[in-house]
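Chains P, Z, B and F supply the protein sequences, listed in that same order.
Heads up, the first sequence is in my numbering, so the first residue is 2 and it goes up one at a time.
Heads up, the second sequence is in my numbering, so the first residue is 2 and it goes up one at a time.
Heads up, the third sequence is in my numbering, so the first residue is 2 and it goes up one at a time.
Heads up, the fourth sequence is in my numbering, so the first residue is 2 and it goes up one at a time.
Quick reminder that beta carbons are idealized off the backbone N, C-alpha and C, glycines included.
Since the structure is predicted, the reported quantities are computational estimates derived from the model, not experimental observations.
Comments concern the structure below.
4 protein chains.
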Amino acid sequence: MAKANDRGGTLSRSALRRQREKEQRYKTVLRAAETLFARKGYHQTSIEEIADLAEVSTGAVYFYFKNKEDLLIKLMHEFGFFLREWLGKELEKNDPTLEGFSHIAESFLRDFCVSYPEKITIFFRESVGQSREVEEQRKDMFVRLTSDIRDVLVDIASRLSGRFVSDVAPEVVAVCIVGIYERLACHYVLWQDRAVDITDIVDETVSFTLGGVRSLLAPEKKKKG
Amino acid sequence: MAKANDRGGTLSRSALRRQREKEQRYKTVLRAAETLFARKGYHQTSIEEIADLAEVSTGAVYFYFKNKEDLLIKLMHEFGFFLREWLGKELEKNDPTLEGFSHIAESFLRDFCVSYPEKITIFFRESVGQSREVEEQRKDMFVRLTSDIRDVLVDIASRLSGRFVSDVAPEVVAVCIVGIYERLACHYVLWQDRAVDITDIVDETVSFTLGGVRSLLAPEKKKKG
Amino acid sequence: MAKANDRGGTLSRSALRRQREKEQRYKTVLRAAETLFARKGYHQTSIEEIADLAEVSTGAVYFYFKNKEDLLIKLMHEFGFFLREWLGKELEKNDPTLEGFSHIAESFLRDFCVSYPEKITIFFRESVGQSREVEEQRKDMFVRLTSDIRDVLVDIASRLSGRFVSDVAPEVVAVCIVGIYERLACHYVLWQDRAVDITDIVDETVSFTLGGVRSLLAPEKKKKG
Amino acid sequence: MAKANDRGGTLSRSALRRQREKEQRYKTVLRAAETLFARKGYHQTSIEEIADLAEVSTGAVYFYFKNKEDLLIKLMHEFGFFLREWLGKELEKNDPTLEGFSHIAESFLRDFCVSYPEKITIFFRESVGQSREVEEQRKDMFVRLTSDIRDVLVDIASRLSGRFVSDVAPEVVAVCIVGIYERLACHYVLWQDRAVDITDIVDETVSFTLGGVRSLLAPEKKKKG
DNA sequence: CATGAATGAGTCTTCATTCAT
DNA sequence: CATGAATGAAGACTCATTCAT
Numbered sequence: 002m003a004k005a006n007d008r009g010g011t012l013s014r015s016a017l018r019r020q021r022e023k024e025q026r027y028k029t030v031l032r033a034a035e036t037l038f039a040r041k042g043y044h045q046t047s048i049e050e051i052a053d054l055a056e057v058s059t060g061a062v063y064f065y066f067k068n069k070e071d072l073l074i075k076l077m078h079e080f081g082f083f084l085r086e087w088l089g090k091e092l093e094k095n096d097p098t099l100e101g102f103s104h105i106a107e108s109f110l111r112d113f114c115v116s117y118p119e120k121i122t123i124f125f126r127e128s129v130g131q132s133r134e135v136e137e138q139r140k141d142m143f144v145r146l147t148s149d150i151r152d153v154l155v156d157i158a159s160r161l162s163g164r165f166v167s168d169v170a171p172e173v174v175a176v177c178i179v180g181i182y183e184r185l186a187c188h189y190v191l192w193q194d195r196a197v198d199i200t201d202i203v204d205e206t207v208s209f210t211l212g213g214v215r216s217l218l219a220p221e222k223k224k225k226g
Numbered sequence: 002m003a004k005a006n007d008r009g010g011t012l013s014r015s016a017l018r019r020q021r022e023k024e025q026r027y028k029t030v031l032r033a034a035e036t037l038f039a040r041k042g043y044h045q046t047s048i049e050e051i052a053d054l055a056e057v058s059t060g061a062v063y064f065y066f067k068n069k070e071d072l073l074i075k076l077m078h079e080f081g082f083f084l085r086e087w088l089g090k091e092l093e094k095n096d097p098t099l100e101g102f103s104h105i106a107e108s109f110l111r112d113f114c115v116s117y118p119e120k121i122t123i124f125f126r127e128s129v130g131q132s133r134e135v136e137e138q139r140k141d142m143f144v145r146l147t148s149d150i151r152d153v154l155v156d157i158a159s160r161l162s163g164r165f166v167s168d169v170a171p172e173v174v175a176v177c178i179v180g181i182y183e184r185l186a187c188h189y190v191l192w193q194d195r196a197v198d199i200t201d202i203v204d205e206t207v208s209f210t211l212g213g214v215r216s217l218l219a220p221e222k223k224k225k226g
Numbered sequence: 002m003a004k005a006n007d008r009g010g011t012l013s014r015s016a017l018r019r020q021r022e023k024e025q026r027y028k029t030v031l032r033a034a035e036t037l038f039a040r041k042g043y044h045q046t047s048i049e050e051i052a053d054l055a056e057v058s059t060g061a062v063y064f065y066f067k068n069k070e071d072l073l074i075k076l077m078h079e080f081g082f083f084l085r086e087w088l089g090k091e092l093e094k095n096d097p098t099l100e101g102f103s104h105i106a107e108s109f110l111r112d113f114c115v116s117y118p119e120k121i122t123i124f125f126r127e128s129v130g131q132s133r134e135v136e137e138q139r140k141d142m143f144v145r146l147t148s149d150i151r152d153v154l155v156d157i158a159s160r161l162s163g164r165f166v167s168d169v170a171p172e173v174v175a176v177c178i179v180g181i182y183e184r185l186a187c188h189y190v191l192w193q194d195r196a197v198d199i200t201d202i203v204d205e206t207v208s209f210t211l212g213g214v215r216s217l218l219a220p221e222k223k224k225k226g
Numbered sequence: 002m003a004k005a006n007d008r009g010g011t012l013s014r015s016a017l018r019r020q021r022e023k024e025q026r027y028k029t030v031l032r033a034a035e036t037l038f039a040r041k042g043y044h045q046t047s048i049e050e051i052a053d054l055a056e057v058s059t060g061a062v063y064f065y066f067k068n069k070e071d072l073l074i075k076l077m078h079e080f081g082f083f084l085r086e087w088l089g090k091e092l093e094k095n096d097p098t099l100e101g102f103s104h105i106a107e108s109f110l111r112d113f114c115v116s117y118p119e120k121i122t123i124f125f126r127e128s129v130g131q132s133r134e135v136e137e138q139r140k141d142m143f144v145r146l147t148s149d150i151r152d153v154l155v156d157i158a159s160r161l162s163g164r165f166v167s168d169v170a171p172e173v174v175a176v177c178i179v180g181i182y183e184r185l186a187c188h189y190v191l192w193q194d195r196a197v198d199i200t201d202i203v204d205e206t207v208s209f210t211l212g213g214v215r216s217l218l219a220p221e222k223k224k225k226g
């Protein structure tokens with residue numbers, strides 16, 4: 002009895018602890034990579050530096066991650082999940098209207114970008130043009146993000162008992178929106194372009210976005226009326 | 002007299018020819034770098050490969066360019082000049098109206114991006130996040146491009162005897178527009194995302210853009226009143 | 002209790018062995034560099050050659066030493082320590098008199114130079130004029146060596162109840178002595194100038210040295226009077 | 002007659018001019034090399050830099066000198082000739098006595114070293130340990146210089162109707178003297194060790210030297226008297 | 001599992017030297 | 001003779017990755 006630890010599928014206490022420690026280490030390494038990739042750049046960061054910051058050996062890094070590229074890919078995945086999760090929460094908090102959508106857009110610039118500059122840096126700068134695999138990931142994530150936004154827009158439109166002027170319109174709108182906010186993030190977060198305070202331009206950006214969206218919505222009331 | 006060396010400050014014939022050949026070589030190396038950076042990526046391209054493609058020695062590359070980074074920076078400069086030159090010509094060809102502006106936007110996606118995918122690739126992908134110096138250059142070029150577009154918009158607005166809702170509005174609009182067309186170039190040129198043909202979406206994109214611009218133009222009360 | 006890991010701050014047996022092996026490797030590389038620098042010259046020796054002779058990879062050399070210059074600096078340090086240690090032992094073996102000092106000088110030429118021609122070569126030839134850093138080291142070591150010798154001379158003088166003619170005299174004497182033995186080492190060890198056998202000249206050199214020293218000792222009036 | 006320029010072995014005016022220009026260029030290049038070798042170090046100086054400073058092409062450097070090493074060797078030759086010429090003049094100016102010799106030694110430190118720091122630098126630092134050929138030259142020059150000094154000492158001794166204690170003694174003395182003044186030159190000229198002003202130590206150095214010399218001179222008068 | 005020493009292929013970069021013009 | 005563009009061999013150094021302990 003003392004020897005056996007067969008608690009029906011669950012792990013022994015020590016095994017549980019080890020499991021926890023393992024996950025902890027995984028995260029520590031990933032955070033170290035995130036910090037350094039954002040601070041020094043992907044290529045300028047060596048595995049040894051990551052290991053040092055995470056207080057593990059270089060070998061340990063390779064236990065948790067296939068290789069250096071894998072670290073970047075995992076960070077991108079994480080960011081993708083994180084951003085979509087954030088988007089989901091925002092959608093719950095706001096009405097499914099263009100006004101609600103505007104609030105989310107505003108929130109992205111005012112809160113998200115400011116709170117997670119490292120994640121922004123890695124996704125919008127350090128993960129660009131590194132390798133075929135990473136680029137693939139980037140593309141997938143952009144496609145998914147675009148798709149999410151398109152769905153939201155279609156939903157909003159339908160609730161307005163309106164619709165977009167064409168089938169591709171919502172996708173185009175989504176791509177444009179992603180482009181707008183990506184560029185703003187680069188300008189005002191990555192480049193720290195403080196010539197103009199970010200708060201001064203959020204409103205105008207949201208206006209521009211809404212104007213663009215509206216111009217691709219088929220005139221609504223007329224049809225119904 | 003005809004026989005005499007009346008070069009008056011100019012170079013001899015052979016010196017002229019050598020000068021031409023030198024410039025030719027410079028361009029050959031730069032074109033080789035462009036091709037390979039776009040095809041394989043900046044880091045994945047070695048100086049030796051560039052030298053091979055340009056049919057010169059590695060030393061020759063360093064005769065014309067300070068180092069590998071310098072090749073990238075020169076390509077970026079060249080692209081910046083090229084794009085702004087293209088924009089200037091388009092502005093001459095089109096009316097200084099929002100419709101004219103739309104034609105240019107359309108032309109960018111339909112002609113420019115399609116004709117120079119390598120330049121697009123290098124500027125929008127390979128030059129991202131490579132080093133402080135390169136990033137600086139990128140920023141400068143984006144700022145200049147944004148500034149150009151802002152000036153055009155302000156000019157168009159003034160001819161409409163209208164104006165933007167605020168001082169920062171034209172700048173915000175310019176940044177948004179750059180973001181939109183950058184993202185589209187990446188989506189449809191770099192990623193070759195052929196799920197949707199680019200021609201199908203140009204119109205919608207232009208509509209979105211115009212809608213956005215109009216929403217930041219102060220209502221032209223005079224005309225209405 | 003005996004079985005328990007009572008290492009009390011010390012390392013495990015295997016860790017100890019690995020530590021020893023590491024130090025061994027360090028020394029092997031350093032010895033290889035010493036041999037090659039002395040035989041072929043610093044610039045004419047490549048890291049690869051050093052690695053080959055030490056039977057390690059080039060990377061291993063960089064694991065133990067920052068760069069090629071570091072190898073040279075470490076060799077100089079080692080030599081400096083070695084020479085001063087040797088001097089210390091000689092001082093213990095000999096009386097603190099000018100005769101004792103003469104024995105040491107003799108011993109330097111007869112034993113030290115003959116036993117360690119490589120070290121002599123590196124310190125008196127290969128480390129000259131290589132870089133600012135190395136030159137700095139050389140200077141420091143010469144200064145320290147000169148200082149040691151000056152102290153010895155002052156000590157000897159005081160025991161003779163005599164003193165030097167001026168405050169700077171002992172330093173000057175030390176510098177002269179270092180110069181004399183450095184040049185002799187170069188002439189007869191490095192250049193292998195066998196026109197005259199070294200043994201034939203040791204006595205004269207020591208006489209010269211003593212004569213020089215005595216001429217800067219203030220005349221011991223007390224004894225005479 | 003008009004065609005021929007056979008002025009019996011002499012050259013035509015233009016040929017003479019060209020000859021002069023050629024020698025001028027040779028010297029200009031050599032001076033440029035001297036300046037840069039002393040300032041930046043032999044290895045840290047490139048042929049291109051020398052050509053630039055001399056305002057000639059790299060090819061021209063190779064017209065006047067076999068290769069880079071040749072530049073250094075020519076500089077050493079020149080210095081050797083220069084130093085021995087200087088020594089000759091000093092010998093003429095001073096009496097052939099130990100006092101006269103002292104004056105020369107003093108003059109070396111006070112005038113020569115101060116006036117030609119570049120030459121000192123190249124001979125005592127930059128030409129050390131560069132290659133077999135250069136080292137050979139260095140050795141030859143030291144041997145010649147030592148020989149000169151030995152001859153002077155023997156001459157002085159004979160005029161004193163004295164002689165050295167052994168046949169090798171004058172050579173040993175010469176080697177010691179060269180060592181002393183070489184080291185002082187390094188300490189006080191190359192290293193700019195201004196902790197002690199050079200003027201303060203010249204006298205002591207000369208005393209040391211004379212003391213050393215005297216201790217190897219066979220007691221003179223006693224024998225004769 | 002963790003460690004970290006060892007590997008070694010890969011790259012950039014330099015620069016003495018040459019030679020066609 | 002002078003030029004300076006071109007060469008290309010050589011070498012220092014990096015760093016992702018592996019594996020014995």
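8 Å Cβ shell around residue i - same chain, five flanking residues per side excluded
i	result
L154 of chain B	F102, F165, P171, V174, A175 and V214
Q138 of chain B	I74, M77, H78 and S128
CB of residue i within 8 Å of CB of residue j, strictly
i	j	result
I157 of chain P	T98 of chain P	yes
M77 of chain F	F124 of chain F	yes
A34 of chain B	L84 of chain B	no
T1 of chain B	I48 of chain B	Residue numbering for chain B in the displayed model covers 2 to 226; residue 1 of chain B lies beyond these limits and cannot be assessed.
S108 of chain F	E91 of chain F	yes
R126 of chain B	V129 of chain F	yes
P118 of chain F	V190 of chain F	yes
Q131 of chain B	Y63 of chain B	no
Residue range of the alpha helix (DSSP H) that includes residue i
i	result
W87 of chain Z	K69 to K94
Y63 of chain B	T59 to Y65
I123 of chain B	Careful: I123 of chain B lies outside any alpha helix (DSSP H) and carries neither H nor E.
C187 of chain B	Taken as a continuous stretch (DSSP letters only), C187 of chain B belongs to no alpha helix (DSSP H), as it is neither H nor E.
Q20 of chain P	R14 to K41
L154 of chain B	R133 to R160
L54 of chain Z	I48 to A55
Same chain, Cβ closer than 6 Å to residue i, neighbours up to 5 away in sequence not counted
i	result
D53 of chain F	none
K225 of chain P	The pLDDT assigned to K225 of chain P is 40, lower than 50, so where the model puts this residue is not dependable; a value taken from the coordinates is nonetheless given after this. Hits under 6 Å: none found.
E22 of chain B	none
V207 of chain B	S103, A106 and E107
Listed by chain order, chain P residues near residue i by CB distance under 7 Å
i	result
I202 of chain Z	V169 and V173
Chain F contact residues for residue i, given Cβ-Cβ distances below 9 Å
i	result
R126 of chain B	V129, G130 and E136
Cross-chain neighbours of residue i in chain B, by beta carbon under 7 Å
i	result
W192 of chain F	K140
G42 of chain F	G130
9 Å Cβ cut-off: residues of chain P touching residue i
i	result
S208 of chain Z	V166, A170, V173, G213, S216 and L217
Per-residue contacts from residue i into chain Z (C-beta, under 9 Å)
i	result
L185 of chain P	V173, V176, C177 and G180
Listed by chain order, chain Z residues near residue i by CB distance under 7 Å
i	result
E205 of chain P	S167, V169, A170, V173 and L217
Contacts that residue i makes with chain B (C-beta to C-beta distance below 8 Å)
i	result
H188 of chain F	F143 and V176
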